[in-house]
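The structure appears below as structure tokens.
Numbering (the UniProt record's numbering), first residue to last: 1 to 388.
Given below as structure tokens:
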């Protein structure tokens, strides 16, 4: 007995040594142009793929592959795998996929022959049931009826036993099924700060029943305050700039020069600096809110924003170099939509307030919100103060 076991081990070892090495695919294989495979080699490879396909479909090899006792299936599969090891281009890979599909279909038919569960033909079953369960009353065959009670008694015996040699993915039928326990998902516990509602100014509706700083109406009111402040500051800046350069306009030699100077001052005279308008030196939070609410004015076409160079500041006067804004004359005119992401932290906020000497924001400081916090810009930047 020990000799037979050792001989089987030797035979198995010889078979493994005789099998072709499959380590080629485990290494990194160069494909396409890097493989340096010639057109002649590719034609020969395609020829072999098609020859193998014809052998399977047009000869008895296909039927032999479906025989569980035959080794033809393993032979054909190994031949296709050897050809696949030579594939470097997609054209040959398509032929390999076709052969693999054909081989898989024959493998399915071979597996069906291995199934030992008995099969029943529906037509034959109905014919037998009619022979066994049809009953005649009298001698007339037209008065025959189907005895359902007898069928129930005969079929009931099948449900008292478990069919043999049948199993499923969940195991044998007689095995007890244990459902997998699912963990109950616990509700997420939010922080106190997360209880505040997220609001979008463009979805706000008029609601003048309350003056609470946390109501949606307060957001809409703040957007109107920014719009009114922008228009007032822009008008004052334009009037003062035109008055300041009135002598320059009047001293122009011709009418065209006076028109150009006046048009230039009217076009750019209303530009004001964004920093004093929106940056609140008393509160970083309100500065962010001002910028966010101002963005909806730009989106709706009621305001514009641009960057002014030092040369433009010296030429036009008024606002210094940097980001400037002014109200739009025709907000209903269609404009090209452009988008920009603004990044602002507390360090940049402090530096900009100091660089532009912002002592107070043009947009009034807001009070009454229980979520508001402020950080005053001064000699000690980390001194927090409440919005009062």
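Virtual Cβ for every residue (Gly too), placed ideally from N, Cα, C.
Does the stretch 38 to 56 come into contact with the stretch 86 to 101, if we say contact requires no fewer than three beta-carbon pairs (one atom in each stretch) closer than 8 angstroms?
Note that the stretch 38 to 56 touches the stretch 86 to 101; at least 3 beta-carbon pairs, one per stretch, sit closer than 8 angstroms.
Beta-bridge partners of residue 305, as assigned by DSSP
In the DSSP output, where bridge partners are listed per residue, residue 305 has 325.
Considering only their Cβ atoms, is the gap separating residue 303 from residue 297 smaller than 9 angstroms?
Yes.
Assigned secondary structure, residue 273 (DSSP; H/G/I helix, E/B strand, else coil)
Collapsing the DSSP output to three states places residue 273 in a strand.
When the Cα atoms are used, what is the spatial distance from residue 108 to residue 114?
When the Cα atoms are used, residue 108 and residue 114 turn out to be separated by approximately 10 angstroms.
Alpha-carbon spacing of residue 235 relative to residue 326, whole angstroms:
Whole-angstrom Cα-Cα distance: 9 angstroms.
Among 67, 84, 88 and 71, which residue has its Cα nearest to the Cα of residue 32?
Here the closest residue by C-alpha is 88.
Grouping DSSP H, G and I as helix and E and B as strand, with all else coil, what is residue 134?
In the three-state scheme derived from DSSP, where H, G and I count as helix and E and B as strand, residue 134 is classed as strand.
Spell out a yes or no on whether the stretch 97 to 108 and the stretch 142 to 157 are touching, meaning 3 or more CB-CB pairs, one atom from each, closer than 8 angstroms.
The stretch 97 to 108 makes no contact with the stretch 142 to 157: fewer than 3 CB pairs, one atom from each, lie closer than 8 angstroms.
Would you say residue 341 and residue 324 are within 9 angstroms of each other, going by their C-beta atoms?
In this structure, residue 324 does not lie closer than 9 angstroms to residue 341 by Cβ.
Among residues of its own chain, excluding the 5 on either side of residue 287, which ones have a beta-carbon nearer than 7 angstroms to its beta-carbon?
Excluding residues within five positions, the ones whose Cβ falls inside 7 angstroms are 278, 279, 280 and 349.
For residue 64, collect the residues of the same chain with a Cβ closer than 7 angstroms to its Cβ; drop the 5 residues on either side in sequence, then sort them by chain order.
Answer for residue 64: 70 and 72, listed in chain order.
From residue 293 to residue 301, what does the alpha carbon distance come to, in whole angstroms?
Residue 293 and residue 301 have their C-alpha atoms roughly 13 angstroms apart.
CB contact flag (residue 53, residue 99, <9 angstroms)
For the 9 angstroms CB-CB criterion, residue 53 and residue 99 form a contact.
Exposure label - residue 284; buried when at least 16 CB within 10 Å
Its Cβ being crowded by 16 or more others within 10 Å, residue 284 is buried.
Within 10 Å of its beta-carbon, does residue 243 have 16 or more other beta-carbons around it, so buried, or fewer, so exposed?
Exposed, because fewer than 16 other Cβ atoms sit within 10 Å of the Cβ of residue 243.
Under 9 angstroms between the Cβ atoms of residue 290 and residue 361?
Against a cut-off of 9 angstroms, the Cβ pair of residue 361 and residue 290 comes out as a contact.
Within this structure, are the beta carbons of residue 307 and residue 322 separated by less than 9 angstroms?
A contact, by the Cβ cut-off of 9 angstroms.
Following the continuous alpha helix (DSSP H) through residue 51, name the residue where it begins and the one where it ends.
Where residue 51 is concerned, the enclosing alpha helix (DSSP H) stretches over 39 to 58.
Run through DSSP, which three-state label would residue 279 get?
In the three-state scheme derived from DSSP, where H, G and I count as helix and E and B as strand, residue 279 is classed as coil.
Could you say which of 219, 122 and 299 lies nearest to residue 336 if we only look at CA atoms?
A check of alpha carbon separations from residue 336 across 219, 122 and 299 identifies 299 as the nearest.
For residue 112, count neighbouring C-beta atoms within 10 Å of its own C-beta (all shown protein chains included) and say buried if the count is 16 or more, exposed if not.
Burial call: exposed.
Could you round the C-beta distance between residue 356 and residue 275 to whole angstroms and report it? I think they count as a contact, below 8 angstroms.
Yes, they are in contact, since the Cβ atoms of residue 356 and residue 275 sit about 4 angstroms apart, within 8 angstroms.
With 9 angstroms as the threshold, decide whether the Cβ of residue 220 is near any Cβ in chain E.
The chain labelled as chain E is not found in the depicted structure, where only one protein chain is given.
If residue 365 sits next to residue 282, beta carbons under 8 angstroms apart, how far is it from one beta carbon to the other, in whole angstroms?
For residue 365 against residue 282, the beta-carbon gap comes to about 6 angstroms, under 8 angstroms, which counts as contact.
In the DSSP output, what is residue 146 paired with across the bridge?
Beta-bridge annotation (DSSP): residue 146 is paired with 134.
Could you work out which residue in 96, 74 and 367 is closest to residue 219 when comparing CA atoms only?
It is 367 whose Cα lies nearest to the Cα of residue 219.
Under a Cβ-count criterion, where at least 16 other Cβ atoms within 10 Å of its own Cβ denotes burial, should residue 319 be classed as buried or exposed?
In this structure residue 319 is buried. Its beta-carbon is surrounded by 16 or more other beta-carbon atoms within 10 angstroms.
Just reading off the alpha helix (DSSP H) that residue 103 is part of, what are its end residues?
In this chain, the alpha helix (DSSP H) harbouring residue 103 covers 90 to 114.
Write down the C-beta distance between residue 56 and residue 29 rounded to the nearest angstrom, noting that I regard them as a contact closer than 8 angstroms.
Not really, about 26 angstroms apart at Cβ, beyond 8 angstroms.
Kindly indicate which three-state DSSP category residue 6 falls into: helix, strand or coil?
Its pLDDT being 49, under 50, residue 6 is placed unreliably in this model, and the coordinates cannot settle the point.
I need the DSSP call for residue 120, collapsed to helix, strand or coil.
The answer is coil: DSSP assigns residue 120 none of H, G, I, E or B.
Over the uninterrupted alpha helix (DSSP H) stretch that includes residue 354, give me the two end residues.
From DSSP, the alpha helix (DSSP H) with residue 354 extends over 346 to 355.
For a test of the three-state rule: what should DSSP assign to residue 365, helix, strand or coil?
The three-state secondary structure of residue 365, taken from DSSP, is coil.
Segment limits, alpha helix (DSSP H) that includes residue 318:
Boundaries for residue 318: no alpha helix (DSSP H) harbours it, and the DSSP string shows neither H nor E there.
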